[in-house]
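Here the sequence shown stands for residues -2 to 405, numbered as in my numbering.
C-beta: ideal position from N, C-alpha, C; glycine also.
Owing to the predicted nature of the structure, the values given are computational and were not obtained by experimental measurement.
As structure tokens, the structure follows; a few thoughts come after it.
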Amino acid sequence: MNILVVNAGSSSLKYQLIDTDTDTLYAKGICERIGGDGSLIEHKQTVKGLKVKKEHPMQNHADAMKLVVEHLTDPEVGCISGMDEIEAIGHRVVHGGSYFSESILLSDDVLEKLKLCRDFAPLHTDAHLMGIKGCLDTMPGKPQVLVFDTAFHQTMAPEAYIYALPYEYYEKYGIRRYGMHGTSHRYVSAEMAKLLGKPVEETKIVTCHIGNGSSISAVKGGKVMDTSMGFTPLAGVEMGTRCGDIDPAIVPYLMEAENLSPAEINTVMNKKSGFLGVSGFSSDSRDLENAIANGPSDPNYERAKLAVDILKHNLKKYIGSYAAIMNGLDAVVFTAGIGENNPNLRELVCEDMEFFGIEFDKAANDAAPHVSENTRISKASSKVAVWVVPTNEELVIAKDTAALVAGK
């Protein structure tokens, strides 16, 4: 089944066309600066390796979707002969709140409930709604499926997702741990179970989705027991510009000391912290690694190293605590932009972890700086396997969409 996977942002729209019968990626691309000056589309027909990048006016997401369909059906750079060959649309949705615990076919009722998720992820949810409207306007009648980043984490027990706040806030406002990146954690944990060669029900896996936004999950028997992100994507480990876990009393203290409004302290924690806040010069791990590689003579060396060491410390702590709550550990998985492309961080995290049964294979790790396929970076004798597994959230979305449309 040909599924068009859509990931809509406030001014962007990423897309992939995937045949779920063969797992073939036919095309992928992105529309950028929607509704603004200089809007453009970057399209790649992957089978023949054809690429096109050009400016084109797009006032809204409906215009973007029309442009996407034009490129998918274009005789030169397209991959299908007509819109009829797109059998369904799958949407990545960041937050399903307390309303959605699994992927679901779009309906009027579902759309109304999605609007109620604005409070949990206002920027993301409004963008998703615009993407859905664009698809409804451009391809009316096509089945559409919503796949939620929060859904995979809904197997957590109450003791893992309830905060020790007055219980009425959970009842009134849905304040609880939701977790993010669930589609990625779901994909890589399933891949890891295959690599372990044992039934999913018998596996204990820690999945580390490390990118500009990062989250760690404990997956036991194919189900999430705990995850590092919380009510919002701010919680957990240090990230590109997000602080991760901090003492909550810091928030009112800084608001008073710096005379900050709620919006301003929110900006500090989400956009001025993490790698950027600690290093003082960049939110990009590659810039930090370059400064560290230059040595102490680089003026950014000390704080770049500190920023990376904080993340290393965070990751070790989560791996250890998650091994404890699962009563064991079969594997640790690294994925996403940094997890797949930063061998130095992987080594820092896995060294001195022999107590947990990790025997790190430095040679294998160094030989795979940029991983494009499943790669083992622990020794064969290691009790706990450590792998790098490139994530494929789009394939999960496409598979869920095909299954729901087929009524499976």
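*Taking only runs that begin and end inside the region 268 to 294, name each unbroken alpha helix (DSSP H) of 4 or more residues, in chain order.*
271 to 276, 282 to 291
_Spatial neighbours of residue 387 in its chain, beta-carbon cut-off 8 Å, leaving aside the 5 residues before and after_ = 332, 337, 368, 369, 370, 371
_Pick from 174, 165, 250, 145 that is closest to residue 157, judged by C-alpha positions_ = 174
_Please state the DSSP three-state secondary structure of residue 56._
coil
*Give the C-beta separation of residue 229 and residue 216 to the nearest angstrom, bearing in mind that I take them to be a contact with Cβ-Cβ under 8 Å.*
That pair is no contact at about 21 Å.
*Please determine, among 373, 366, 352, 112, the residue with the shortest C-alpha to C-alpha distance to residue 358.*
373
*asked:* Among 172, 242, 10, 147, whose alpha-carbon lies nearest the alpha-carbon of residue 159?
replied: 172
*asked:* With a threshold of 6 Å on Cβ separation, who are the neighbours of residue 395 within its own chain once the five nearest residues in sequence on each side are excluded?
replied: 0, 2, 15, 17, 87
*asked:* Alpha carbons only, please: which of 68, 32, 85 is nearest the one belonging to residue 404?
replied: 85
*Under the assumption that residue 136 contacts residue 80 (Cβ atoms under 8 Å), give the Cβ distance between them as a whole number of angstroms.*
6 Å
*Just the C-alpha distance for residue 153 and residue 143, rounded to the nearest angstrom, thanks.*
21 Å
*Looking at residue 290 and residue 301, is the spacing between their C-beta atoms short of 7 Å?*
no
_Where the beta strand (DSSP E) through residue 341 begins and ends_ = Counting along the chain, residue 341 falls outside any beta strand (DSSP E), though it belongs to the alpha helix (DSSP H) covering 340 to 347.
*Please look up how many angstroms separate the CB atoms of residue 107 and residue 177, rounded, as I've assumed it's under 8 Å.*
With 8 Å as the limit, residue 107 and residue 177 do not qualify as a contact, their Cβ atoms being about 20 Å apart.
*asked:* Less than 7 Å between the beta carbons of residue 271 and residue 239, yes or no?
replied: yes
_Assuming residue 38 and residue 46 are in contact, meaning their beta carbons sit under 8 Å apart, how far apart are those beta carbons, in whole angstroms?_
The Cβ separation is near 17 Å, so there is no contact.
*Cutoff 7 Å; reference residue 303; Cβ partners in own chain excluding five residues on either side*: 275
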